[in-house]
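A short worksheet on the structure shown next.
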Amino acid sequence: MKKLTASLFFIVFFSINAFSQHGGGVALFVPLTGSFAFADLRGLDNSKIDILKGSSSFDFGVLLQPGYFYDFGGLLGFDVLADIGYYRSSYKYINSQDAGIVSYTFDTLNTGAMFRVTFLVLSLGIGAGAKIPLAANLQDGDYNSKLNADEIKKSFTSAVIPYLKFTIDFKYNLSSFAAIAAGLYFNYDFAMNYKNPNYSRYNIHSFDFGVQIGTYLVGTSY
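Written out as structure tokens, the structure is:
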């Protein structure tokens, strides 16, 4: 069975390289999204507390995606890419007790990977990774606090934000090695747990939805 699997892998790999135009390159994307926050708060007796009502805020990023690109005659293509850059992740809530704003804003280093499939001009991408907070701004009513990376590590159980994202783009080829793209961007940030002595759990997470624009530069060979 292992020999059969290995043989199939080499056949597929050889076919892809033999019949496709391929090469290394880089893409640059700028997502502009609305962020919709959720919270899961539990008291010291583990009872659910609903005092934070999710609100919306604005997120954006600048993401560099170096990797390898395959193209089958302009009809079908796929890309295997890293996903590295700056991303601003924010979580905004309204405190139902006093109508005050509670927000957590992080400047993060985005580290992950992307896989993208293109049919003619339509590209579908899926990616995952982690955002590493470098700085943060916390607001609770009139209280404001700025945190550096070390202070974030002390304030949260885990100082990373795992994410999963999906993209839908329309791609226009300018030449055999350059293209531009624009489309929709969906992102889910998994929960971070804020260390608050009044709660046994203080999880914040969010769903982002918006648009992205991008460009490709690819060096290809046959």
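For the sequence shown, the residue numbers in mature numbering (1 follows the signal peptide of the UniProt record, and there is no 0) are -20 to -1, 1 to 202. Built from N, CA and C at the ideal position, the CB exists for glycine as well.
From which residue to which residue does the alpha helix (DSSP H) around residue i run?
i    : result
A129 : 129 to 135
Roughly how many angstroms lie between the CA atoms of residue i and residue j, to the nearest whole one?
i           : j    : result
residue 203 : L127 : Coverage of the chain is limited to positions -20 through 202, which leaves residue 203 absent and any answer about it impossible.
L114        : K133 : 10 Å
L12         : Y67  : 10 Å
P46         : I64  : 8 Å
A93         : G107 : 6 Å
E131        : S156 : 48 Å
F38         : G23  : 30 Å
Y73         : L154 : 43 Å
H185        : F170 : 5 Å
Y71         : A129 : 18 Å
Would the beta-carbon of residue i fall within 9 Å of that of residue j?
i    : j    : result
L43  : T98  : no
G3   : V198 : yes
S195 : A62  : Here residue 195 turns out to be Thr, not Ser, going by the sequence shown. Not closer than 9 Å, so no.
D122 : G190 : no
D78  : S180 : no
Y182 : L144 : no
F49  : S35  : no
F146 : A162 : no
F40  : F187 : no
How far does the beta strand (DSSP E) with residue i in it extend, from its first residue to its last?
i   : result
P46 : 36 to 52
With DSSP run on the structure shown, which of helix, strand or coil describes residue i?
i    : result
S103 : strand
L32  : strand
Y179 : coil
N26  : coil
D78  : coil
L89  : strand
L61  : strand
L55  : coil
Report task. At 3 residues or longer, and completely inside the region 108 to 166: list those beta strand (DSSP E) runs for me, N to C. Result -> Runs of the beta strand (DSSP E) inside the region 108 to 166: 123 to 128, 141 to 153.
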